[in-house]
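Student:
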Amino acid sequence: MRRRTVALFLAGAALVSSCSPTTSAESESPVVTGILQPFTATWEPADDVAQIMALARSDLIGLGGSVLVPASLLPGTRESAGRLTITKTFPTDQISVVVNITFSQSQREETLSLTSALIDSGHPTCADRITSHPDTRTVDVRSSPACVLTNSAGLSFIEWAEESHWYHVETLMEPDVATAWLTDWVPIP
């Protein structure tokens with residue numbers, strides 16, 4: 000279970016970093032960015048909103064982060080766990096929050112990783128994704144327009160903006176199941 004979570008997290012980190020704005024030779028020198036993880040927490044079961052709220056609320060408020068967590072689990076889920084990591088870059092002071100939810104269902108392990116960042120953090124829009132990846136399709140997630148792309152390995156990427164945050168999901172779940180489940184997730188803090 001842990002190996003798949005780590006693999007999805009690393010794939011997400013690579014995709015998120017590849018989506019960051021780049022500089023051209025004509026622009027000013029690139030800024031070397033460092034990354035800190037000032038807060039990490041795990042909790043079980045993954046739909047225990049009160050537990051993760053008690054663990055993470057003050058750090059999220061203090062750092063200016065926000066994220067969605069599941070308020071319910073999919074039917075048939077036996078075991079589940081969540082991991083929340085707050086990341087801060089320097090010197091740019093950009094905050095992102097990653098929630099990894101791992102659960103067992105029908106003799107299988109499933110994982111969904113959700114990254115949240117402020118919209119003005121330079122992340123691509125769905126229009127950018129559709130232009131660069133013609134296989135991208137549009138859907139609604141939590142009443143917001145979103146884009147979905149599934150690669151040849153079956154890893155799906157779902158992105159949307161909601162209020163002041165940009166969300167990026169990576170999962171091997173069927174995209175329609177994942178987007179329906181995300182409707183029940185709640186924001187913290």
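The sequence shown begins at 0 in numbering that gives the first Met the number 0 and counts up by one. Note that the Cβ used here is the ideal one computed from N, Cα and C, for glycine as well.
1) Using a Cβ-Cβ cut-off of 7 Å (strictly less than) and excluding sequence neighbours within five positions of residue 20, which residues of its own chain qualify?
2) Classify residue 77 as buried or exposed, calling it buried when 16 or more other Cβ atoms lie within 10 Å of its own Cβ.
3) Thinking C-alpha only, which one of 57, 47, 53 is nearest residue 37?
4) Pop quiz: residue 80 and residue 41 are said to be a contact at Cβ under 8 Å. What is the actual Cβ separation, rounded to whole angstroms?
5) Less than 9 Å between the C-beta atoms of residue 181 and residue 140, yes or no?
6) How big is the Cα-Cα spacing for residue 75 and residue 54?
7) Is the beta carbon of residue 100 closer than 9 Å to that of residue 165?
Tutor: On the basis of the data shown:
1) Residue placement at residue 20 is poorly supported in this model, since its pLDDT is 43, which falls under 50; the coordinates are not used for a value here.
2) By the 10 Å Cβ count, residue 77 comes out exposed.
3) Closest by C-alpha distance to residue 37, out of 57, 47, 53, is 57.
4) For residue 80 against residue 41, the beta-carbon gap comes to about 6 Å, under 8 Å, which counts as contact.
5) Going by C-beta atoms, residue 181 is nearer than 9 Å to residue 140.
6) A straight line joining the alpha-carbon of residue 75 with that of residue 54 spans about 27 Å.
7) No, these two residues do not count as a Cβ contact at 9 Å.
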